[in-house]
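Read the structure below first, then the notes.
2 protein chains.
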Amino acid sequence: MDSIRVALLGHGTVGSSLHQLLVEHREHVRAATQRDVEVTAVLVRDVDRARPGLDPTTTLVTDSLEELLASKPDVVCEAMGGIEPTREYLLALLDRGIPVVTANKQLVARHGTELFARAAAARTQLRFEASVCGAVPIVRMLRESLAATRIECLLGILNGTTNYMLSAMAANGTSYADALATAQDLGYAEPDPTEDVEGIDAAAKLSILAGIAFGTTVDVDDVRTTGISGVTADDVAHAHVLGARIKLVARAERLLAPGGGHTIALDVTPMLVPERHPLAAISGATNAVLVDGAPFGQLVVQGAGAGGPETASALAGDLVSVLGSEPSFLTSDPHVAHLAVAPRDARSERHYVRMRVADRPGVLAAVAGALAAHGVSIERVIQQRAEGADGTGASEASLVLTTHPCAPGDLETALATVESADRTVLPMLDAPEAAS
Amino acid sequence: MDSIRVALLGHGTVGSSLHQLLVEHREHVRAATQRDVEVTAVLVRDVDRARPGLDPTTTLVTDSLEELLASKPDVVCEAMGGIEPTREYLLALLDRGIPVVTANKQLVARHGTELFARAAAARTQLRFEASVCGAVPIVRMLRESLAATRIECLLGILNGTTNYMLSAMAANGTSYADALATAQDLGYAEPDPTEDVEGIDAAAKLSILAGIAFGTTVDVDDVRTTGISGVTADDVAHAHVLGARIKLVARAERLLAPGGGHTIALDVTPMLVPERHPLAAISGATNAVLVDGAPFGQLVVQGAGAGGPETASALAGDLVSVLGSEPSFLTSDPHVAHLAVAPRDARSERHYVRMRVADRPGVLAAVAGALAAHGVSIERVIQQRAEGADGTGASEASLVLTTHPCAPGDLETALATVESADRTVLPMLDAPEAAS
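Heads up: the protein sequence lines correspond to chains H and B, in order. The numbers in the numbering used here rise by one with no breaks, and the one at position 277 of the first sequence is 269. The numbers in the numbering used here rise by one with no breaks, and the one at position 334 of the second sequence is 326.
As structure tokens, this is what we get:
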């Protein structure tokens, strides 16, 4: 039987890892698919650069999609990233009926609908496991294992950089700035860390996962996104006192709409996660996704969410599936329903509030009064501690409290009437029901 | 488009849950597969028994496979359990090219090779996600996501009953007997708990998973199996002192053979699992599987390992995949290689030892000497405590120690020369490398 001709778009960290995997694990691929796989063409931006493991005398190395198409690939793996010209390339491939597996998160998040439509029209496959959470097989779990079930909620730690930073802050009491500097030193964080620390990366991943989980098209701009740059060492310490960890949680949840039917609430925000919750134990650069629904209960999957070899293993898994299956329902857009996005205050939950207030009698009473006036009741006051004079004779106190379940808008309106500084407001995840 | 005709074998807890799921989640199945699914026939042992949700005027209810075949099912879901006549029925279905999804652990573990061969010969599919760990999609992860990778080790908590019992012993300090009685009261354990507590259930699941993970045929009798009935409240308490939990761990590991090549070590045994290890946090009746290999790193998946609705959701996931894909590589036996089973002493690891010894001077020296004579060195002596007189004037002491890595056979031989009673010997899992 002839070998399967695989073309790669991109030969950077992920692309070269995939190339190496397909060479080194040739036996495994053959065992799984009963086919031999050969990388016959690679598209790169700079054809003149020497690349280890890439021999231009045996493999076509080109910067032209036309040449790549002329090499007659059976399947194409995309690891070049970016929106353009990648989108254009993938459309051209899909239009010709060539199956594509991709690791491109932003492209799937922003242009998934268009890409799926073109794949379906050409009766070919577009797989994208590698675009979310590296080696963690969450796309397959949602698209196939849970396809006949009803998902109520998806919670994820989808960004390894921020989870590494928050883990370091919890373990060592370091500041946000120090945790970021260490993450940058170790290569976990980019020189410009905005995508990671402001939750933009997690929001793109959430929009992909929520779209599959709820069978609806999710606009990444509908994800209410708050980063971790406002989280202080103090907040992390207070969370510990409350028996919780602070995690950047990406959450998609089905909510009952007041008029009947359902909406979907989408947010990425730092949250207090109780120690007993499965996501609390996810430390370091690990990713994890928890899916809750009927009748399967609760499933959690965790693993390496980034890295060239790890992401390459997800591409290879998709490649195996493409080789092993005829064009099928996986050619089609998984987004078939439409769920409206829930308004911000559709969901009430407990909140953690930390702020600096003037240290004078009656301040707590004033805060409690302001909250009560907006229907927010205090569950627990954790701390009201003087923080020393500010040089003008007046002194300040740090006030930390948790609320009973309340709408975030009510809490925000109430707090706007309180004079305070350096304020952190974080939603709190409920503890799971006791298991044993 | 015509509906897909689904026949069920068995209508007990799992079968009726699946039936209900396919009715209630009809929209989800249609969204995923673009097909309507209808349960047109059900095979049961006793056709006269009334069954809620099963209307014999609209659905064929029969005890005859011939009648079921005559109803022309497109796909069959097996949830009747047992070896015969189930095996015979599945062979008859597969021979006719009818795809089968099954929840039958013992059947796949004992007769998987025969069933896969017949499915492949007829170019039809046999899927079996539901046969291992209920809703946890570990079979799909191993067969597809990780098919192109190299798996080094698979560790699982594959039995919910024993994990529930060990969790209760750890949380409440209860005895083995009390934990078993509670598990029986709650319906987690059968009146005859042998299959669960002696590790037989976990061994069958491990043989299925190891077969896929390592692409080899695994005889369930090759799994070295020790149950938890010898684990005492004392052992659980000592484990805590050592920063560990006792878990019934199912483990399949690739080992280098002395003469080159590889062997596979297969065991189910209670182990000390360090608190920081991902499996230590799995409490209650939850199942979890950790897979370690290249280049994906470490993946953990956890969820409900039993229960009618949970198992039904795994059957439904397989059903969706069958409907969505043409006969493919999944028709074929995943067991293509042959790995010899490693001898018991192929692997050295740390061990926990607890025993009662005579409380007289020199006993520890004698134990240490006996161990040293067989090349086993003591890492740490945790406790040597007098336990009170036995009425004859002599008294006994409880001795708890851990060893440096040693072969289990050497340790056993050494301990055979030591006079002691009530002895527990458990291997110890290594802690994961620090993540943050």
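Ideal Cβ placement from N, Cα and C applies to all residues, glycine included. Values in this document were obtained by computation on a predicted structure and should not be read as measured data.
Using a Cβ-Cβ cut-off of 9 Å, B/A71 is close to nothing in chain H; its nearest Cβ partner there is about 14 Å away.
In the three-state reduction of the DSSP assignment, H/G361 falls in the helix class.
Against chain H, a Cβ distance below 7 Å from B/R142 picks out H17 and H20. Distances from the alpha-carbon of H/T153 to those of H/N164, H/A140, H/P185 and H/A139 put H/P185 closest. Between the beta-carbon of H/R336 and that of H/R216 there is about 7 Å, and that keeps the pair under the 8 Å contact cut. Per DSSP, the continuous alpha helix (DSSP H) segment holding B/Q12 begins and ends at T5 to E16.
H/K64 places its beta carbon less than 8 Å from that of H/R(-3). In the DSSP annotation of this structure, H/R37 is not part of any beta strand (DSSP E), being labelled neither H nor E. Under the three-pair Cβ rule at 8 Å, the segment 198 to 210 of chain H does not count as touching the segment 162 to 180 of chain H. For B/R102, the uninterrupted alpha helix (DSSP H) segment begins and ends at K97 to A113. Judged by their CB atoms, H/A225 and H/S167 are nearer to each other than the 8 Å cut-off.
In summary, the residues of the segment 113 to 140 of chain H whose CB is separated from some CB of chain B by less than 9 Å are E121, G126, A127, V128, P129, R132, M133, R135, E136, S137, L138, A139 and A140, in the order they occur in the chain. Residue environment: B/E121 is assigned as buried (16 or more neighbouring CB atoms within 10 Å of its CB, all protein chains considered). Runs of the alpha helix (DSSP H) lying entirely within the segment 267 to 324 of chain B and spanning at least 4 residues, in chain order: 300 to 316.
If you draw a straight line from the Cα of H/D188 to the Cα of H/A257, it is about 21 Å long.
Chain B has a Cβ within less than 8 Å of the Cβ of H/S305.
With respect to chain H, the C-beta atom of B/L0 has no partner C-beta closer than 8 Å. Listed in chain order, the positions of the segment 290 to 302 of chain B with a beta carbon within less than 7 Å of a beta carbon of chain H are Q290, L291, V292, V293, Q294, G295, A296, P301 and E302. As a beta-bridge residue in DSSP terms, B/L264 pairs with B/I238 and B/M420. The Cβ of H/V93 sits no closer than 8 Å to any Cβ of chain B. With respect to the C-alpha of H/A242, the residue from H/A109, H/H254 and H/I192 having the closest C-alpha is H/I192. Sorting H/T25, H/A171, H/V124 and H/T278 by C-alpha distance to the C-alpha of B/V292 places H/T278 at the top. For H/P287, the C-beta contacts it makes with chain B under 7 Å involve S9, L13, P301, E302, A304 and S305, in order along the chain.
Secondary structure at H/M157: helix, using DSSP grouped into helix, strand and coil. Put simply, the backbone Cα of B/G4 is about 18 Å away from that of B/E16.
Among the residues facing chain B, H/A273 is included, as its CB has a counterpart in that chain under 8 Å away. The three-state secondary structure of H/T394, taken from DSSP, is strand. Taking 8 Å as the threshold, the shortest C-beta distance from B/A308 to chain H falls below it. DSSP places B/R79 inside the alpha helix (DSSP H), whose first and last residues are T78 to D87. Ranked by Cα distance from H/G289, the first of B/G297, B/G285, B/Q290 and B/L282 is B/G297. Here the alpha carbons of H/V6 and H/C125 stand approximately 13 Å from one another. Listed along chain B is no residue with a C-beta nearer than 8 Å to that of H/G152; the closest approach is about 10 Å.
When the beta-carbon positions are compared, H/L147 and H/L271 come within less than 8 Å of each other. The segment 399 to 418 of chain B makes contact with the segment 337 to 357 of chain B: 3 or more CB pairs, one atom from each, lie closer than 8 Å.
The criterion of a C-beta distance shorter than 8 Å is satisfied by H/R268 and H/P424.
When beta bridges are read from the DSSP output, H/I370 appears opposite H/T395.
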